[in-house]
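Protein chains in written order, with the numbering used here: chain A, 16 to 351; chain B, 419 to 709. Cβ atoms here follow ideal geometry from the backbone N, Cα and C, with glycine treated the same way. Just so you know, these numbers come straight off a predicted model, no measurement behind them. Here is the structure we will look at.
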């Protein structure tokens with residue numbers, strides 16, 4: 016068993032690009048769910064807005080990739096309005112249903128043959144990210160060179176995305192932190208507790224919920240952009256339901272309604288995930304047998320890993336519902 | 419009870435104005451703050467509220483009483499804009515409220531509390547209070563990022579909140595989560611938070627529900643205090659002792675209608691009210707009814 020390889024990969028999982036795009040999307044979900052109490056189960060839809068905003072600059076508009084950033088944000092604001100207008104006046108559950116459906120509709124539309132001209136169908140789009148790479152080369156992080164020391168060894172290509180990614184995490188984390196410390200954030204937290212009380216004090220609850228939904232959606236969009244830039248590809252099936260739920264898991268792991276929770280949660284999530292994956296692959300290198308019965312071989316590692324992630328979430332909910340950073344005292348006031 | 423109490427000039431004026439009013443349902447007041455006309459609310463086939471006319475005198479404490487299911491809370495929701503009547507009009511301080519969204523009433527000076535207290539449990543007491551202030555610059559998200567735009571206002575709001583907490587004897591709980599307060603303290607917090615909006619009309623939905631007797635006395639004093647500062651108070655209550663003790667005027671509802679109005683002393687002698695509360699057949703044995 017190669018422990019040093021397992022260790023190296025785990026560390027990379029901890030600070031890797033997966034943790035980055037999860038963290039940004041989790042920040043968005045935190046604004047919506049953690050602070051405002053809006054159940055958005057369609058964060059993947061917002062991420063798709065960002066990814067396709069970038070992708071469509073090459074596929075359809077044939078303009079510079081940088082235009083994709085405002086384009087993606089416009090998409091996500093549109094999506095937020097579309098989902099919010101009919102549902103935000105209703106109970107929270109309706110938003111959950113609509114968001115999960117909307118995200119699936121987006122995925123099915125962008126992968127359809129009918130709209131292949133715009134979105135590239137199920138092949139996706141993969142010729143848009145050169146400007147981003149060029150910028151990296153220009154600032155002196157060469158794509159092909161290897162940087163760092165063991166166990167932190169990255170290609171220039173990975174490093175450039177990571178630097179931009181973590182800078183964005185820090186910036187957006189600070190942004191959300193400042194907002195939630197402001198009177199604006201106070202109104203959101205109050206809406207999470209009881210929206211009638213907030214309305215009676217003269218706040219336009221509907222407008223605040225819409226602002227929260229859109230702000231969280233824009234964060235999801237930025238996450239989708241980082242993801243697309245890292246892969247240098249936009250694939251419709253990367254934006255399916257399970258992505259939203261993994262991000263939610265990572266958020267709950269870190270602790271909701273905490274900025275630190277939505278950043279560290281994804282890091283721990285990917286750290287554990289990568290560790291288990293690497294560890295079990297080493298273990299199952301030779302198929303494990305009991306007598307003639309084959310218990311496990313390397314093809315079982317993926318599914319088993321997801322089972323273990325699910326188990327982790329269950330154990331977390333039972334033994335530490337407030338997550339890593341949550342406040343137990345705060346949780347105790349849930350029963351109203 | 420009320421005789422030996424001293425009243426502020428404002429309260430005295432309101433009380434003497436009310437003394438001259440007709441003691442009939444829908445009676446006209448000299449200076450009404452809140453007026454409702456033909457307000458009717460139906461839930462499916464059931465008529466919950468059907469009020470021809472009511473007026474609430476400015477500067478007075480008006481109690482809205484009635485047996486369970488009389489439609490008090492429904493009327494309350496209608497008047498505070500939290501529910502829309504099937505038909506009817508109502509106005510507050512001369513302004514027609516039919517088209518005013520519920521979140522705008524607070525800015526006009528009308529604020530309400532709820533039967534089941536809505537203290538925001540995961541916010542601290544002081545944050546609950548700060549939330550009550552209207553017209554906060556920092557509640558716009560683009561200002562939220564730049565604390566310089568709202569720090570000064572926030573300090574003023576905090577100072578005002580602390581004064582109110584002092585008055586409601588909640589200062590020692592300032593930084594606790596509101597969820598850590600007792601039921602009675604939550605009532606006080608909700609009332610104090612409502613006052614942060616600088617209201618002219620305070621509507622209290624069952625302020626005494628679930629409050630221990632010792633605290634009831636101090637709640638009564640607080641309610642009287644509001645009137646003495648010139649606010650108008652309208653409240654729904656079951657506790658007849660409290661109604662008698664604190665109110666200047668009583669409106670009685672039964673089965674969605676106003677059945678009686680008058681000063682507390684008149685109401686406690688009114689046969690229609692006794693019938694509504696205890697049933698029309700009280701005092702006679704069931705044997706005499708002959709099924």
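- Looking at B:479, B:493, B:652 and B:437, the one whose alpha-carbon comes closest to that of residue 676 (chain B) is B:493.
- Taking a beta-carbon distance threshold of 7 Å, residue 686 (chain B) does not count as an interface residue toward chain A.
- For residue 654 (chain B), the beta-bridge partners assigned by DSSP are B:482 and B:623.
- In the structure shown, residue 501 (chain B) falls within a coil segment according to DSSP collapsed to helix, strand and coil.
- The beta carbons of residue 42 (chain A) and residue 188 (chain A) sit about 6 Å from each other, so the pair counts as a contact at 8 Å.
- Against chain B, a Cβ distance below 7 Å from residue 199 (chain A) picks out 556, 557, 558, 559 and 562.
- Contact between the stretch 549-566 of chain B and the stretch 609-628 of chain B is present: 3 or more CB-CB pairs across the two stretches fall below 8 Å.
- Chain-order list of chain B residues neighbouring residue 190 (chain A): 563, by C-beta distance under 9 Å.
- Taking a Cβ-Cβ threshold of 8 Å, the residues of chain B close to residue 211 (chain A) are 500, 532 and 536, in chain order.
- With contact defined as three or more Cβ pairs closer than 8 Å, the stretch 582-602 of chain B and the stretch 624-641 of chain B are in contact.
- Across the structure, residue 513 (chain B) and residue 506 (chain B) are spaced so that their CA atoms are roughly 14 Å apart.
- Inter-residue distance for residue 545 (chain B) and residue 300 (chain A) is about 57 Å (C-alpha atoms, whole angstroms).
- Ranked by Cα distance from residue 337 (chain A), the first of A:323, A:266 and A:80 is A:266.
- According to DSSP, residue pairing for residue 162 (chain A) in a beta bridge involves A:169.
- Taking 4 residues as the minimum length, the alpha helix (DSSP H) runs contained wholly in the stretch 35-81 of chain A are 58-71, in order along the chain.
- Between the stretch 566-583 of chain B and the stretch 522-540 of chain B there are fewer than three C-beta pairs closer than 8 Å, too few to call the two in contact.
- Of all C-beta pairs linking the stretch 63-75 of chain A to the stretch 208-216 of chain A, fewer than three are shorter than 8 Å, placing the two stretches out of contact.
- The beta carbons of residue 447 (chain B) and residue 680 (chain B) sit no closer together than 7 Å.
- Residues of chain A with a Cβ closer than 8 Å to the Cβ of residue 520 (chain B) are, in chain order, 214 and 215.
- Between the stretch 266-279 of chain A and the stretch 87-101 of chain A there are fewer than three C-beta pairs closer than 8 Å, too few to call the two in contact.
- Flagged as an interface residue toward chain B: residue 194 (chain A), by a C-beta distance shorter than 7 Å.
- Residue-level contact check: residue 490 (chain B) does not touch chain A, since none of the beta carbons of chain A fall below 7 Å from its beta carbon.
- Interface residue (Cβ-Cβ distance to chain A less than 7 Å): residue 550 (chain B) is classified as such.
- With fewer than three CB-CB distances shorter than 8 Å, the stretch 520-533 of chain B does not count as touching the stretch 465-485 of chain B.
- Listed by position along chain A, the residues whose Cβ is nearer than 7 Å to that of residue 545 (chain B) are 201.
- Within chain B, no residue has its CB atom less than 9 Å from the CB of residue 224 (chain A), the nearest being about 12 Å off.
- Residue 566 (chain B) counts as exposed, since fewer than 16 other beta carbons sit within 10 angstroms of its beta carbon.
- Annotation: the stretch 169-210 of chain A contains the following complete segments of the alpha helix (DSSP H) (minimum length 4 residues), in chain order: 171-196 and 198-208.
- Under DSSP, residue 468 (chain B) takes part in a beta bridge, and its partners are B:458.
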